[in-house]
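Participant: In this note's numbering, the protein residues as written are 1005 to 1474. Take a look at this one; I'll ask things after.
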């Protein structure tokens, strides 16, 4: 999933084949899925049958009757993934949960029963728990073996088993759709409160005062300030169980398949939303692969392209201390203060032991950070060449020094890597650091002093001029 949208790392032929692989998950039979759906509806007291009845006791007619008592037609398969598949259906309008009124754009009010409520039904594969359990057992066993080998051959601190155990825990949470529904409702509330319309709740007074500097980095888009920046689909809790999730249907296409001009407009918004989750909210969508990031149309004007986040099964939590440490690290990176970044931030984030002497390590890491990250430039060929040039130094660093990778940080790099990869498909000159600047600036002002902010701004302007000249 990650490499399939990284034109800066792999060739176009490899990209095409990887994209085909991502889209080629064979579906399981509709009959099996409908039995699972009927069983789960009965367990929620829906469907007109005794709630104690199980799917094994239902014949085809009873399965259909149970489903059609909730939906207007039999659900239609639209997508198949590794853990489950998605169906589209329309809720019956006589459901007692829908006996409310909904305001319309023109100011009129009509009964909600008259509206067509299209929904997405995610149905879990029946045998997925045993399959995933075996995969994760093998993966954690591999991590134990790698730790033993690394302890003998390198100075690394063993972290693979802990890291993979964290991944396994998250994977099991993905198999609980009630947990996913709770995550989705939480993010719907938090993101809609911050990014709907002309909402400045996440902007400090200092930010408004110094916003003219940030304007140098904003898109030239004439986006309506009253239009929402992100949509998270509504969850229908009354139908959701551990094995099925029913939520609002959203029409759209994956961001990676959108026209280049839409990608250029929306990716900076995606970066801002991701950083807000990471540095402000303290929870972030940890599985933002191309199929989970959609482009739909605004519900305000029905025309403006708007981001839509899907699939909240894997959500990572970041403590307040880690959020502040990451904010400080971003500030030091943007300032070009690599000494503090290495001697202080790398230790407080858990990459290096607190008592380690970084005198020998600092010059090597400075080179890697300058040439491989900030100084890599926006040209794809230059970036690939720079990454290859420092790969030997990077391998040497991880081999000789006691590095460890915090579990949540791997998810952070995955999320930003995905956004950067999608952006590069629409804009080969996209720079993740420049796109991260506006929100990092706001967060730095709220967390640190305005004096620090002035230094950040000067350094960013210098980096931008250098990038433009190159």
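Glycine included, every Cβ here is placed at the ideal spot set by N, Cα and C.
In the DSSP output, which residue or residues are listed as bridge partners for residue 1093?
Facilitator: According to DSSP, which records beta bridges pairwise, residue 1093 is partnered with 1123.
Participant: When we look at the beta-carbon of residue 1278 and count the other beta-carbons within 10 Å, is it buried (16 or more) or exposed?
Facilitator: With 16 or more other Cβ atoms within 10 Å, it is buried.
Participant: Are the segment 1124 to 1133 and the segment 1084 to 1096 touching by the rule of at least three beta carbon pairs closer than 8 Å?
Facilitator: The segment 1124 to 1133 is in contact with the segment 1084 to 1096.
Participant: Rounded to whole angstroms, what is the Cα-Cα separation between residue 1368 and residue 1407?
Facilitator: Distance between the alpha carbons of residue 1368 and residue 1407 is about 14 Å.
Participant: Take every Cβ of the segment 1298 to 1314, pair it with every Cβ of the segment 1350 to 1369, and state whether three or more of those distances are shorter than 8 Å.
Facilitator: The segment 1298 to 1314, when compared against the segment 1350 to 1369, does not touch it at the 8 Å Cβ threshold.
Participant: Looking at residue 1288 and residue 1320, is the spacing between their C-beta atoms short of 8 Å?
Facilitator: In this structure, residue 1288 lies closer than 8 Å to residue 1320 by Cβ.
Participant: Given a cut-off of 8 Å on the beta-carbon distance, is the pair residue 1249 and residue 1274 in contact?
Facilitator: Contact: no.
Participant: Within 8 Å, do at least three Cβ pairs link the segment 1227 to 1244 to the segment 1299 to 1311?
Facilitator: Contact between the segment 1299 to 1311 and the segment 1227 to 1244 is present, because at least three Cβ pairs lie under 8 Å.
Participant: Would you kindly report the start and end of the unbroken beta strand (DSSP E) that includes residue 1156?
Facilitator: Counting along the chain, residue 1156 falls outside any beta strand (DSSP E), though it belongs to the alpha helix (DSSP H) covering 1132 to 1157.
Participant: Go through its chain and collect everything with a Cβ distance to residue 1177's Cβ below 6 Å, but skip five positions before and after it.
Facilitator: Result list for residue 1177: 1183, in chain order.
Participant: Keeping to the same chain, check which residues put their C-beta closer than 7 Å to that of residue 1295; ignore five residues upstream and five downstream.
Facilitator: Cβ neighbours of residue 1295 beyond the five flanking positions: 1258.
Participant: Within 10 angstroms of its Cβ, does residue 1416 collect 16 or more other Cβ (buried), or is it exposed?
Facilitator: Per the 10 Å Cβ criterion, buried.
Participant: Would you decide whether residue 1080 is buried or exposed? Buried here means 16 or more other CB atoms lie within 10 Å of its CB.
Facilitator: Residue 1080 is exposed by the Cβ-count criterion.
Participant: With DSSP run on the structure shown, which of helix, strand or coil describes residue 1438?
Facilitator: Residue state, collapsed to three classes: helix.
Participant: Going by DSSP in three states, residue 1230 sits in which element: helix, strand or coil?
Facilitator: Note: residue 1230 maps to coil in three-state DSSP.
Participant: Should residue 1445 go down as buried or exposed, given a rule of 16 or more other Cβ atoms within 10 Å for buried?
Facilitator: The residue in question, residue 1445, is buried, as its Cβ has 16 or more Cβ neighbours within 10 Å.
Participant: With respect to the alpha helix (DSSP H) encompassing residue 1335, which residues constitute its N-terminal and C-terminal limits?
Facilitator: Start and end: 1324 to 1339.
Participant: Using the Cα positions of residue 1032 and residue 1128, report the straight-line distance between them to the nearest angstrom.
Facilitator: Going by the C-alpha atoms only, they are around 10 Å apart.
Participant: According to the neighbour-count rule (16 or more other Cβ atoms, all chains shown, within 10 Å of its Cβ), is residue 1193 buried or exposed?
Facilitator: So residue 1193 ends up on the exposed side.
Participant: Where do the ends of the beta strand (DSSP E) carrying residue 1288 lie?
Facilitator: It spans 1287 to 1289 - the beta strand (DSSP E) in which residue 1288 sits, taken as one unbroken run.
Participant: Would residue 1049 be called buried (16 or more neighbouring beta carbons within 10 Å of its own) or exposed?
Facilitator: Label assigned to residue 1049: exposed.
Participant: So, for residue 1254: in the same chain, excluding its five sequence neighbours on each side, which residues have a beta-carbon less than 8 Å away from its beta-carbon?
Facilitator: Closer than 8 Å at the Cβ level, and outside the excluded window around residue 1254, lie 1124, 1235, 1237, 1298, 1300, 1312 and 1314.
Participant: Looking at C-alpha atoms only, which residue of 1327, 1365, 1152 and 1046 is the closest neighbour of residue 1281?
Facilitator: Minimum Cα distance to residue 1281 is reached at 1327.
Participant: Whose C-alpha, out of 1343, 1256 and 1352, is nearest the C-alpha of residue 1307?
Facilitator: For the residues 1343, 1256 and 1352, the minimum Cα distance to residue 1307 belongs to 1256.
Participant: So who's on the other strand from residue 1319, going by DSSP bridges?
Facilitator: Answer by DSSP bridge pairing, in chain order: 1289.
Participant: Take residue 1163 and list the residues in its own chain whose beta-carbon comes closer than 8 Å to its own, dropping the five residues that flank it on each side.
Facilitator: Excluding residues within five positions, the ones whose Cβ falls inside 8 Å are 1151, 1408 and 1409.
Participant: Give the range of the beta strand (DSSP E) segment to which residue 1405 is assigned.
Facilitator: No beta strand (DSSP E) holds residue 1405; DSSP gives it neither H nor E.
Participant: Taking the C-alpha atoms as reference points, what is the distance between residue 1338 and residue 1272?
Facilitator: When rounded, the distance between both Cα atoms is 17 Å.
Participant: May I have the straight-line CA-CA distance separating residue 1155 from residue 1007, to the nearest angstrom?
Facilitator: Rounded to whole angstroms, residue 1155 to residue 1007 spans 30 Å at the Cα level.
Participant: Distance check for residue 1350 and residue 1045, CA to CA, integer angstroms please.
Facilitator: Roughly 50 Å separates the two Cα atoms.
Participant: Considering residue 1299, what are the terminal residues of the beta strand (DSSP E) in which it resides?
Facilitator: From DSSP, the beta strand (DSSP E) with residue 1299 extends over 1297 to 1301.
Participant: Does DSSP put residue 1235 in a helix, in a strand, or in coil?
Facilitator: If DSSP states are grouped into helix, strand and coil, residue 1235 belongs with the strands.
Participant: Leaving out the 5 sequence neighbours to the left and right, which residues in its chain are closer than 8 Å to residue 1436 when beta-carbon positions are compared?
Facilitator: Hits under 8 Å: 1275, 1420, 1423, 1424 and 1427.
Participant: Quick one: residues in its chain with C-beta nearer than 6 Å to the C-beta of residue 1267, no 5 flanking neighbours on either side, listed in chain order?
Facilitator: Same-chain partners within the cutoff: 1430.
Participant: For the putative contact between residue 1239 and residue 1251, defined by C-beta atoms under 8 Å, what is the C-beta separation to the nearest angstrom?
Facilitator: That belief holds up - the Cβ atoms of residue 1239 and residue 1251 are roughly 5 Å apart, short of 8 Å.
Participant: Just to confirm before moving on: does the CB-CB distance between residue 1095 and residue 1075 stay below 8 Å?
Facilitator: Contact: yes.
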